[in-house]
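So for the sequence shown, the UniProt record's numbering puts the first residue at 1; every next one is plus one.
Where is the CB? At the ideal position from N, CA and C, for every residue including glycine.
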Amino acid sequence: MLYYSGFTRRIGDVDDGSTVTDFLPAERARGITIQSAAVTFHWPPQGQGAINTGKQDGPRSHQSHTINLIDTPGHADFTFEVIRSLRILDGAVCILDGVAGVEAQTEKVWAQANSWSIPRIAFVNKLDRNGAAFAKTVKEIGSRLKGWPAVCQIPWWKGGKGQFTGVGDAVNLCAMKWEEGGDGKSIETFTLDKLEIEDSGLHLEIIKARAALVESLCGYDEQLLETWLECEDDSMAIPPQAIKDSLRRCIIDGSGKLIPVFAGASFRNIGVQPLLDAVDDLLPDPTQRPDPEVSLGSIKGGLKDLMSGRLAISPVLQKSLAKKPASRNSLVSLIEGCALAFKVVNDLKRGVLVYVRVYSGSINKNATLWNTSLHVTERAQRVLQMQASDAVELSYIGTGQIGVIAGLKYARTGDTLVSIPGMSPKTGPPPPLNNLQLKPIDIPPPVFFAAIEPNSLSEEKNVTESLTLLLREDPSLHMTVDDESGQMQISGMGELHLEIARDRLVNDFKAKATMGNIEISYREAVLTEGISHRFVLHRDVAGKKGKAACEAKVEPLLPHFPSEENTVIRDGNAVTIDVLTVVDGEGQPILPPELSLSCIKAALMNGAVAALARGPRRGFPLHETHVCLTFNPSMDYFGADTSPAALSAAARIAVQTVLQAADDGDSIALMEPVMNVVISCDESSLGAIVHDLLSARGGRILSLDSDENGSIPASEGLKVIDVERIYAPPDPFASIDGTQSSGPGQLRQITAIVPLKEMVGYLKHLRSLTGGRGTFIMSIDNFQRLSGPREKAV
Ligand SMILES: Nc1nc2c(ncn2[C@@H]2O[C@H](COP(=O)(O)OP(=O)(O)OP(=O)(O)O)[C@@H](O)[C@H]2O)c(=O)[nH]1
Numbered sequence: 001m002l003y004y005s006g007f008t009r010r011i012g013d014v015d016d017g018s019t020v021t022d023f024l025p026a027e028r029a030r031g032i033t034i035q036s037a038a039v040t041f042h043w044p045p046q047g048q049g050a051i052n053t054g055k056q057d058g059p060r061s062h063q064s065h066t067i068n069l070i071d072t073p074g075h076a077d078f079t080f081e082v083i084r085s086l087r088i089l090d091g092a093v094c095i096l097d098g099v100a101g102v103e104a105q106t107e108k109v110w111a112q113a114n115s116w117s118i119p120r121i122a123f124v125n126k127l128d129r130n131g132a133a134f135a136k137t138v139k140e141i142g143s144r145l146k147g148w149p150a151v152c153q154i155p156w157w158k159g160g161k162g163q164f165t166g167v168g169d170a171v172n173l174c175a176m177k178w179e180e181g182g183d184g185k186s187i188e189t190f191t192l193d194k195l196e197i198e199d200s201g202l203h204l205e206i207i208k209a210r211a212a213l214v215e216s217l218c219g220y221d222e223q224l225l226e227t228w229l230e231c232e233d234d235s236m237a238i239p240p241q242a243i244k245d246s247l248r249r250c251i252i253d254g255s256g257k258l259i260p261v262f263a264g265a266s267f268r269n270i271g272v273q274p275l276l277d278a279v280d281d282l283l284p285d286p287t288q289r290p291d292p293e294v295s296l297g298s299i300k301g302g303l304k305d306l307m308s309g310r311l312a313i314s315p316v317l318q319k320s321l322a323k324k325p326a327s328r329n330s331l332v333s334l335i336e337g338c339a340l341a342f343k344v345v346n347d348l349k350r351g352v353l354v355y356v357r358v359y360s361g362s363i364n365k366n367a368t369l370w371n372t373s374l375h376v377t378e379r380a381q382r383v384l385q386m387q388a389s390d391a392v393e394l395s396y397i398g399t400g401q402i403g404v405i406a407g408l409k410y411a412r413t414g415d416t417l418v419s420i421p422g423m424s425p426k427t428g429p430p431p432p433l434n435n436l437q438l439k440p441i442d443i444p445p446p447v448f449f450a451a452i453e454p455n456s457l458s459e460e461k462n463v464t465e466s467l468t469l470l471l472r473e474d475p476s477l478h479m480t481v482d483d484e485s486g487q488m489q490i491s492g493m494g495e496l497h498l499e500i501a502r503d504r505l506v507n508d509f510k511a512k513a514t515m516g517n518i519e520i521s522y523r524e525a526v527l528t529e530g531i532s533h534r535f536v537l538h539r540d541v542a543g544k545k546g547k548a549a550c551e552a553k554v555e556p557l558l559p560h561f562p563s564e565e566n567t568v569i570r571d572g573n574a575v576t577i578d579v580l581t582v583v584d585g586e587g588q589p590i591l592p593p594e595l596s597l598s599c600i601k602a603a604l605m606n607g608a609v610a611a612l613a614r615g616p617r618r619g620f621p622l623h624e625t626h627v628c629l630t631f632n633p634s635m636d637y638f639g640a641d642t643s644p645a646a647l648s649a650a651a652r653i654a655v656q657t658v659l660q661a662a663d664d665g666d667s668i669a670l671m672e673p674v675m676n677v678v679i680s681c682d683e684s685s686l687g688a689i690v691h692d693l694l695s696a697r698g699g700r701i702l703s704l705d706s707d708e709n710g711s712i713p714a715s716e717g718l719k720v721i722d723v724e725r726i727y728a729p730p731d732p733f734a735s736i737d738g739t740q741s742s743g744p745g746q747l748r749q750i751t752a753i754v755p756l757k758e759m760v761g762y763l764k765h766l767r768s769l770t771g772g773r774g775t776f777i778m779s780i781d782n783f784q785r786l787s788g789p790r791e792k793a794v
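What follows is the structure, given as structure tokens:
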């Protein structure tokens with residue numbers, strides 16, 4: 001894509017590690033994408049018409065568009081990276097392997113895209129490979145992704161059975177042939193008349209494909225149905241532009257009910273330019289996307305509604321605005337820009353780069369930005385646009401755009417940044433605007449951890465800084481530092497995830513540290529409600545005299561815990577902080593002069609979170625535990641000695657004490673991560689795999705579907721897909737026919753619940769059971785209490 005749009009001068013190759021988007025050494029070495037790189041280019045190239053043919057009436061692809069391309073990873077350990085990129089997309093191209101078809105990980109990401117309502121098109125790639133099966137893949141799109149495949153292009157095999165040379169286009173009614181072995185720029189286009197002489201079989205198939213495409217669209221789009229009737233039911237007479245408009249209407253809601261399908265082989269440079277045309281023609285621009293969801297404390301709504309004043313502003317804001325008559329009702333309109341930081345990258349040349357998507361207004365160079373998660377201000381010293389691996393300086397990043405802010409010290413992936421000219425850099429905007437957040441995403445709990453050991457004491461600071469940066473980049477990595485031993489641990493989603501983190505730390509950040517063995521992250525849980533304990537801290541904290549107290553209690557966190565204003569849910573635990581204040585005549589709390597309410601709460605929270613990171617039984621993090629902390633200024637405040645650090649330490653020790661008491665009373669259980677595992681295999685290996693899961697791994701089988709059904713539930717309101725009715729041209733060399741219903745070669749999908757411990761090193765075993773063909777993906781399902789013998793084995 002970058003090559004054809006003129007942004008790189010040579011075509012990158014993942015196999016020799018020369019791609020533009022996979023720029024981390026770890027990515028290039030492994031030939032996989034880990035981070036979702038964002039690059040901007042224009043299609044068609046500025047000043048040029050489209051390469052596409054046909055006599056349409058002003059297709060969008062005839063005008064140059066700015067495209068922000070985000071290349072996302074495919075490996076299951078990096079699912080979170082995909083999810084956090086999905087939310088900022090206006091549209092997506094789902095690239096399928098034409099030999100493997102719809103894979104388990106594809107389904108998983110597809111389901112996520114459904115939940116974020118991302119309009120999508122599909123590209124069936126690798127059609128040059130032996131065993132390529134376009135028809136089988138198209139049918140799987142219907143059966144497994146649960147959307148109707150609208151076949152827009154069909155493969156062109158030389159003489160019907162030979163080499164893959166191009167595509168037949170059912171929208172523009174033409175065929176395109178790529179020069180063999182070329183860079184893909186030379187394309188010969190055949191009109192239907194010319195094609196009839198060149199390849200009459202393909203000519204006939206394009207006519208069939210057109211009829212099927214029109215019929216499918218008419219089932220979803222009344223407007224096309226009308227056009228079809230006007231054309232006297234002649235699907236060949238419908239103008240290509242009417243079909244493109246209809247396809248666009250059918251996919252714009254992001255429900256995935258209809259999926260336009262394109263074909264190619266990127267390795268042979270076949271099919272890329274028409275795919276780019278389809279991106280222009282079919283996927284929405286930022287103005288056509290739904291209003292992004294925002295929350296301001298307990299107020300929820302759309303960002304545009306907030307900006308236009310349609311979203312009811314809380315009495316709190318009105319009150320704070322009332323104090324500034326000049327800005328009454330207009331503070332919201334003073335928001336110059338609102339953006340989401342979706343990615344943080346430490347660039348060796350340029351320092352830390354924060355990738356943002358601007359949702360409203362603009363982010364200007366030198367703007368003061370308020371980070372609504374961290375409650376800090378920072379200046380956007382430079383704003384850039386990434387073009388391949390080059391950065392171009394900008395004066396601002398406008399609405400809908402993706403760009404980069406350089407020089408930020410705090411912003412992390414997932415933070416919301418707002419710019420309000422004239423806002424106080426110290427206090428930021430008044431509440432609840434200071435809490436304005438674009439919808440956050442759920443981060444699954446980490447299930448593996450490893451110790452990080454600096455090579456020498458003097459390296460410790462550098463290692464900590466590098467780890468902090470790594471965590472800003474990837475919030476699905478967690479770091480804990482043991483208070484007593486000072487040992488650092490990082491935890492993450494999978495073994496590969498941690499291995500890559502180590503590579504990044506050592507090779508990219510040049511941290512002098514070693515990582516210990518990767519181990520399973522068990523959890524500890526409180527089984528019964530404990531008794532309250534008041535702890536008075538009276539000792540030096542961080543070299544200063546400290547005295548503070550608070551009361552703590554722990555109990556199991558029950559499902560459907562009601563969300564209370566003074567409760568924060570963090571890493572699967574809940575912390576409730578009650579500050580018993582007396583209020584003055586105006587209803588304002590009377591607090592010690594040196595401490596604000598938010599400062600007290602933040603200090604107590606830090607203490608509680610630190611205590612929850614290490615349980616009393618085996619030192620594993622606590623899980624589903626509810627901590628209640630009470631601070632009573634009349635008893636627990638001791639003048640200047642009660643610093644935030646002293647409060648934090650008091651809270652930490654108070655919580656540790658009640659947790660220890662729970663363990664002494666046998667009220668702490670050890671919990672193990674249990675995974676949802678989806679295995680794809682041949683029918684012939686099904687028995688052996690199931691037997692192994694049940695007898696050797698303590699697994700529980702949830703389903704044994706034929707692979708055709710997939711794991712995505714048919715969404716409500718969407719039509720049930722009858723696979724038999726899906727149109728696809730016949731596959732000349734498919735090794736497995738998509739219609740085959742039984743026999744040793746049929747694909748099956750096993751879904752099971754298995755303890756993570758039994759899944760370590762499973763890929764090797766699965767390969768041996770399946771002659772190398774089986775694949776699996778897994779994700780955390782829940783944490784389950786370990787029985788006595790299993791606990792002993794930990
Ligand atoms: N024969 C053939 N091989 C291809 C084609 N496209 C990609 N490949 C090969 O498939 C492998 C994977 O390619 P990638 O581009 O890294 O695939 P990806 O889906 O981006 O993988 P992740 O980066 O892990 O997400 C490489 O060895 C490519 O050479 C194709 O059209 N034909």
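The criterion of a C-beta distance shorter than 9 angstroms is not satisfied by residue 475 and residue 539. When DSSP states are grouped into helix, strand and coil, residue 337 belongs to the strand group.
Inclusion of residue 363 and residue 335 in the CB contact set at 9 angstroms is not warranted, their separation being larger than that value. No heavy atom of ligand 1 is found nearer than 8 angstroms to the CB of residue 120.
In the structure shown, the three-state DSSP call for residue 116 is coil. Per the C-alpha coordinates, the member of 386, 82, 757, 266 positioned closest to residue 696 is 757.
Around the C-beta of residue 582, fewer than 16 other C-beta atoms lie within 10 Å, and the residue is accordingly described as exposed. Annotated as distal: residue 781 and residue 749, with beta-carbon spacing of 9 angstroms or more.
Secondary structure of residue 705 (DSSP, three-state): strand. Each of 552, 569, 553, 554 was checked against the Cα of residue 560, and the nearest Cα belongs to 569. Cβ neighbours of residue 628 within its own chain (closer than 6 angstroms, five residues either side excluded): 553, 576. Taking a 10 Å sphere around the C-beta of residue 171, we find 16 or more other C-beta atoms and assign the residue as buried.
Distances from the CB of residue 77 to the heavy atoms of ligand 1 are all 8 angstroms or more. Per DSSP, residue 591 is not a residue of any beta strand (DSSP E), being assigned neither H nor E. Distances from the alpha-carbon of residue 453 to those of 579, 441, 517 put 517 closest. Annotation: residue 623 is outside any beta strand (DSSP E) and is labelled neither H nor E by DSSP. Taking C-beta separations shorter than 6 angstroms and ignoring five residues to either side along the sequence, the partners of residue 268 in its chain run 128, following chain order. DSSP, reduced to helix, strand and coil, places residue 561 outside both helices and strands of the structure shown, so it counts as coil. Ranking 68, 774, 214 by CA distance to the CA of residue 387 puts 68 first. Annotation: residue 221 is outside any beta strand (DSSP E) and is labelled neither H nor E by DSSP. Residue 254 sits away from residue 263, with the two beta carbons spaced by 9 angstroms or more. Here residue 528 is exposed, its C-beta having fewer than 16 other C-beta atoms within 10 Å.
Residue 368 is classed as buried because its beta carbon has at least 16 other beta carbons within 10 Å across all chains shown.
Ranked by Cα distance from residue 90, the first of 522, 288, 764 is 288.
Residue 690 is bridged by DSSP to nothing; it lacks a bridge partner. Distance from the CA atom of residue 684 to the CA atom of residue 789, rounded to whole angstroms, is 35 angstroms.
Straight through space, the alpha carbons of residue 381 and residue 400 are spaced by roughly 21 angstroms.
Rounded to the nearest whole angstrom, the CA to CA distance from residue 448 to residue 524 is 15 angstroms.
Under the DSSP definition of a beta bridge, residue 574 partners with 569, 626.
Residue 601 has its Cβ no nearer than 8 angstroms to any heavy atom of ligand 1. Between residue 224 and residue 206, the C-beta gap is not smaller than 9 angstroms, which leaves the two residues out of contact. When secondary structure is reduced to three states using DSSP, residue 778 falls in the strand class. Cβ atoms of residue 280 and residue 43 come within 8 angstroms of each other, at about 6 angstroms. Counting along the chain, residue 461 sits inside the alpha helix (DSSP H) bounded by residues 460-473.
Looking only at 670, 784, 578, the smallest Cα-Cα distance to residue 676 is reached by 784.
Where residue 273 is concerned, the enclosing alpha helix (DSSP H) starts and stops at 272-282.
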